[in-house]
Every structure is written in C-alpha cells, then in structure tokens.
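Numbering (our numbering), first residue to last: 8 to 708.
C-beta: ideal position from N, C-alpha, C; glycine also.
All values reported here derive from a predicted model rather than from experimental measurement.
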Amino acid sequence: MDIEDLHDEGEGRTGLLQAHVKRVSRVDASQDAASQSEAAATAAAATAAASCVPGTQRIWVKTFGCSHNSSDSEYMCGQLQEYGFTLVDDSARDSAALWLINTCTVKSPSQSAMDTLLRRGRQQGKALLVAGCVPQGDRRAAELRGLSLLGVTQIDRVVEAVEETLKGHTVQLLAKKALPRLDLPKVRRNRHVEIIPLSTGCLGACTYCKTKHARGQLGSYDPSELVKRAAAAAADPQVREIWLSSEDTGAYGRDIGASLPALLQSLVEVLPPDGRCMLRVGMTNPPFMLQHLDAVAAILRDPRVFSYLHVPVQSGSDAVLLGMNREYTLAQFQRVCDTLLSQVPGLELATDIICGFPGESEEDHAATLALLARYRFPHTHISQFYPRPGTPAARMQRVPTAVVKQRSREVTAVVDSWAGVYEGLVGTTHRCCVVDTAADGVHLVAHNKTYAQVLVAAEAPDGSGSLLGCVVEARVLSASRWSVKAEVLRVLYRPPADADQAGQAVHHSSGSESIAQQRGSTEDHGVAQAAAAVPCSQEESTSCPCAAQASPGSSCGSPAQAQRHPASSAAAAGDATAAATATAAPGFSSQQQQEQAHGSCSGTEAEEEEAPPPPGAEPSAASVLSDTSAVFPLARAEASGEGASAAGSAAAATSVALGGLHLQTVSHAKSAGVAELLLLFSLLAGLAGMLASGLLAALQP
C-alpha cells in the first residue's frame, strides 16, 4: 500500500532514552585508544538496544486486491503508526525492517505477484508478515511456510504480530473472531477517500471463487456503527468520497436482521447537504439486489450519492451461470439493469466478465458478447478463468488455454470499440469532486454525479492553488474512451488550510484509548467478542459471489445514456464483435485498479514458479507462536471458551541481548501493563548492554 503523505519523523515516538554527555580530558594516547574503543562498543550496544525497542522500526505495507483489502490495510497502517512505527512507501521499501503484504486470492496473477515479493523479501533477509485472504484461505500453502500470518478478522492485532515477527518469531493469528472495530486508527491511502466495510463474507457459494474460504459466511456491522463512522468521515474537511465496501452489498444485514435500504438512507442523512462529500454504493450481486431495486434506485438519485453501481454478471449464458452457481438467471440480471437504468437518470453500470469458464461453449461465449453489446457497460472488468485451489471449478474440465485467450481478446475488442461513450458529455457542465492525481502526473482526477472520470488541471484558474481535494464546477471540452477532459470554471469548495494534514493519519476513536493503551486491554476486549466469534471452517470448499471491486475509472452522464445503454431505450442492440482483456482507465491512479487490470489483462495463465521455502524454514515447535501460544493467551481463551479472567494475564516473551548472551525472559503481568513491561525490558536490555560493553572496554590492557 502506498503511503504518500507520512508524518514528519519528529512527530513520531518520543525518545525512550535520553543521556547527557560528560566531557573528560584525554590523559595519553593509550587511554585515548581505550576511550575510542569504549565509545564504539557503547554505540554498537545502543544501536542493538534500539533495534529491540518496540515501535521504532520502519514498515512497508503492500496491498493487493479489492477496496475491502485497502480498508484493512488502512486500519493496520493506522495502528502501526499510532504505536510509533514508521511507514515507508515503495521507494523506501528496502530500508524497511519488515514487509507486511496484504494479499488477494481472487485471481492467480495477484497471488503470483505475492510470491515474487516473498522471494525478494527472503533474499534480502526481511522480516515478513503475510495478511489477508491468501493465508486465511490456505494457511498450509507452501509459499507461506515459515512465515508469520495474520487473518482477515485479526487486523486489530497487527501491532502484536509485527513485534513478534521482528523478534524472529513465527506468528500465526488466523482464528476467526468478531469483526474488527470501525473506530480503530487508520491511515488513508487517499486522504480524500474514506472506505467503510459494511460486512465481510457472503451468503453465496460460487464454484470458482476462493474468497469464501477466507472471508467466510456473511458478517455485517451494526448499522449504528456504520452511520457513526460515516458521520465522522463526512465531518473531515478533506474527505470528498465515501466508498461502501463489501463482498456483496445487496446481502448486507441478512445475518443481523438489518435493512440495506434503511442503512443507505441513514448514511445519506449524515452527509453534508452541499454535496462536498459523496457516497459510492459498493459492488452488489443480482440475487439480493432484486429485492431492493426501487429503494436503491431512490438512493442513487439523491444528489449526495453517485449514480453508479457495480453489478457483476460474469457470463451472458444461463448454462454457464448455473455451472458457476451464481443463483440468478440472465433474465434476472437484465431486470436489475433495466429497472435501475429506467429509474436513475444517467446511471453508470459496471460489470464483470469471466472468459473461458469450464464448459463454456461457443454459443455461451456468443451470448456474453450479445449481452455486452446490448448494454454497452462503459466499464467492464474482464478476466480469464483461473482455477483457484480448493474450489469446485478447479476440478471441472477446462476450456483449452488458447481458446480462453482468444475469447478474452474478443470481449476486450467489444468493450474497447465503444469509442463514443462519452461524446454526449462534451459541452456540458458538471459539479465534480477532485480526489486523485492522474497517471500522467499532469492532470487531476475528478468524478461527476455519474462517477465519470473527469481530468482537470492541477491548479485553480484563479491562481488560488492546487485543486486536489476541492469541489469544482467544470465544463467538458473533449472525450476519449475512458475519460473526459474539462476546464474548471470555478471552485465551489476548498478545504481549509489547517485541514491539510487531515486524512494522513485518521483517528476516529470516539475518545477511546491510544494503541499503546489498547494493547493493555486487548485480551479483555477480545474475550468479550469471542462469544460472537465466527467459527473457522478450513474444510469448507465453497466460494462466494464476490468480484474484484476495482475503482471504476470511467462513466458518463445522462446526455449519452441512450448511446451507452441502447437496451434501456426501445431498441436493443444485436451483433457483437470481438475482443480482449480488462481495461483500467489510463488516467486513474488507483493502485488497486491497476493491479486488478493486470490480472485481467494477463496474456498468459502461467503462474510464476512457486516460492520455495528458505533453507531451514521449516519451523520447530518451539519457534512457532500460533493462536494457542503463550505469547498470545487471548486465542487460547477464545478456543477453549475461557472467560475474561483467563485472559487477564499475558505472558510476553522477548529476547534480550546482554554482552553477547541471549537470554529468554518471560513476564507475567496484568493485561493493562503488558506494553509497558515490554518497553521496560527493552530499556533495561539496552542499559545493560551499554554497561557491559563499557566494563569490558575498561578492563582491556
């Protein structure tokens, strides 16, 4: 994950150790040499001691996958930065002591990229912590052997996992538990975009998807927590967009008796009435959305909500949809599209296509091309079928690779052929939120009501400064396949100057304690949540109806709706011609979109060779700190059903370097003092090292 705007180092952790230098007279050359030797030894000991002090190292975080993964990374970064760690971006990753890789298991290319990073990190001797869907879905994967792993519901324990990994321990925190709190500190990848996860997991069982193995069954956040989080984000003067993220937005609340339309209405009500903060509804699958069409259409018409919705279809053939176990028919998908397009002016619909699913015939492929020609979705995520290990589809008879590639090229050609998608916007004026820097490094990216990608100049025409984070009125000058260019007529809203740092480090903690204080109460909080914990089903082989939720890079306004969606008018399009792989909007700089486009556009299905475990990587029983380890007694209490009293004390292990000797010390203390005791041990270790080195130097002849 890119952290573009980091705090100054001076704002980080205050020094734990302060010393006064006493000047002494040099007696003779021999004493001078001894003094220099002593100083060198003392400096070396101080450096070694500093490396043991918790929360002082540099961390690089890399994120693959959907906006839900991005949100998880933002929360993990927030906790690490709050505790004192320094977060570095891609350009400084080689200087980091630990690499935290948040993984995606939807597509093979993403996992191959993860394998490459792990090999590189091992070669450089980096401490490695792997989080996200890959370790949660397949903890026994060969490429993860000997590495620390952090599950998708364990992100609130990232500080513990990082500290233990830096000590050389192998940590595996994969037990399913209650959802992480939404009021944890976070660092936004994009300070102008707040991502709020509505839920995790799903109610589906798609035969091709591995995400169900990781995210599990549907688990929804309480509506009041979501509204509170949205209100805090909307009050941030830097936030222009709030994204709702979920594996299936339409299924939200079915596990807790909550209503999706009611939640959306409550979220809209906390947004500023002037439209300076817009809501984007997340990806939804057709089955559950069928029950909310009129209510959702009303929400999408609201001036504070983008008229945009991502509805994956995957195939235009009922036979293929049945093989995928998508739980809807082509007619039902068309009903979703037609109803929303008729009720929401200028609605932007995005969809997903999987090319070459097992059993797909030429007739099935032709049906998909016909569907695309009918609706002309301006933004379509296109993937070749990738068999994910452990899924039912991986055991099905595959379509030949050459055929899959050809069908992918044909689908892409159809999508790329819609050159006039945005022509209807030329000459029109729009209210736009400016949220990102374009890939060309010259323009800024803004979004209008229909989430079209509008490229504008970086500076305001009146010379008042950068437009990033502003709300502007812009007139479209020209259109291309994926975006439009516009001139800014005036600035409607500019964040106050004193809000410049907002969004870099975001703490919506509602008055809760700092991370250092939270570390002391983790056990009690976790045990209280354990009653609602979701059991981990490692043997489950079904998959969820999720689709990669990339940030759409293109859309357009109502003047061009009939041209973009001919099926929404009286005539439905017929013939479809050839085409291709997934398309990422060239001007949009979202890292997640680029990564997913890479996965979709991959010209080959050959994965990179599997990363072999490093020499001696097979961990011994003594070196592995698992969920039931003494270092993390919370997991043991959760697994055994022990109450809060069982987690009231923690055994914290730390290695102490003392004069070249490595001592293993274990402290037993009440949970409220664990963090402080760890710091004390590290402090004492440093002092002892300095004293020992000085004594040895003084005794030298």
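| Item | Value |
| --- | --- |
| Three-state secondary structure assigned by DSSP to Pro399 | helix |
| Counterpart residues of Cys362 in DSSP-defined beta bridges | Gln391 |
| Nearest-angstrom Cβ-Cβ length linking Ala481 and Val498, presumed shorter than 8 Å | Contact flag wrong, Cβ pair sits at about 10 Å. |
| Where the beta strand (DSSP E) containing Lys709 begins and where it ends | No statement about residue 709 is possible, as the shown extent of the chain runs from 8 to 708 and does not include it. |
| Beta carbon of Leu347 nearer than 9 Å to that of Leu300 | yes |
| Of the listed residues Ala148, Tyr90 and Thr123, nearest to Gly397 (C-alpha basis) | Ala148 |
| Whole-angstrom distance between Leu376 and Pro310, CA atom to CA atom | 34 Å |
| Top-ranked residue by Cα proximity to Gly62, from Ala400, Cys73 and Ala104 | Ala104 |
| Bridge partner(s) assigned by DSSP for Glu276 | DSSP, once it has assigned bridges, lists no residue as partnering Glu276. |
| Val234 and Leu267 closer than 9 Å at C-beta | no |
| Bridge-paired residues (DSSP) for Thr375 | According to DSSP, which records beta bridges pairwise, Thr375 is partnered with nothing at all. |
| Alpha-carbon spacing of Cys73 relative to Glu276, whole angstroms | 27 Å |
| Contact under 9 Å by Cβ, Arg247 with Gly476 | yes |
| Nearest-angstrom Cα separation, counted from Gln118 out to Val68 | 16 Å |
| Per-residue DSSP class, three states only, for Met290 | coil |
| Selected residue, minimal CA-CA separation from Arg195, among Lys219, Tyr382, Trp425 and Glu81 | Glu81 |
| Rounded separation between Leu641 and Ala239 - CA only | Residue confidence is low: Leu641 scores 29 on pLDDT, short of 50, so the model does not pin down where it sits. Its coordinate-derived value is still stated next. Their Cα atoms are separated by approximately 31 Å. |
| Delimiting residues of the beta strand (DSSP E) encompassing Val178 | Thr177 to Leu180 |
| Boundaries of the alpha helix (DSSP H) in which Ala302 is found, first to last residue | Leu300 to Arg308 |
| For Glu248, the first and last residue of its enclosing beta strand (DSSP E) | Glu248 to Ser252 |
| Own chain partners of Tyr228 with C-beta closer than 8 Å, once the 5 adjacent residues on each side are dropped | Leu186, Leu189, Pro204, Leu205 and Ser206 |
| Local conformation of Cys209 per DSSP, three classes | strand |
| Bridge partners - Arg497, DSSP secondary structure assignment | Glu480 |
| Span separating the alpha-carbon of Leu180 from that of Gln350 | 47 Å |
| Three-state secondary structure (DSSP) of Val421 | helix |
| Contact under 9 Å by Cβ, Ser322 with Lys114 | no |
| CB contact flag (Ala357, His388, <9 Å) | yes |
| 8 Å CB neighbourhood of Ala265 in its chain, flanking five on each side removed | Ser227, Asp229, Pro230 and Tyr259 |
| C-alpha distance - Leu274 paired with Ala237, whole-angstrom precision | 7 Å |
| Which of helix, strand or coil DSSP assigns to Cys439 | strand |
| The ligand MN heavy atom lying under 8 Å from the CB of Ala504 | By its list of ligands, the structure shown contains no ligand whatsoever, and the ligand MN lies outside what it can speak to. |
| Reduced DSSP secondary structure (H/G/I, E/B, other) of Asn76 | helix |
| Cβ-based burial, Glu4 [other Cβ within 10 Å; buried from 16] | In the structure as shown, the chain starts at 8 and stops at 708, and residue 4 therefore has no counterpart that could be examined. |
| Closest by C-alpha distance to Val442, when choosing among Val433, Val461 and Trp425 | Val461 |
| Under the three-state DSSP convention, the category His386 falls into | strand |
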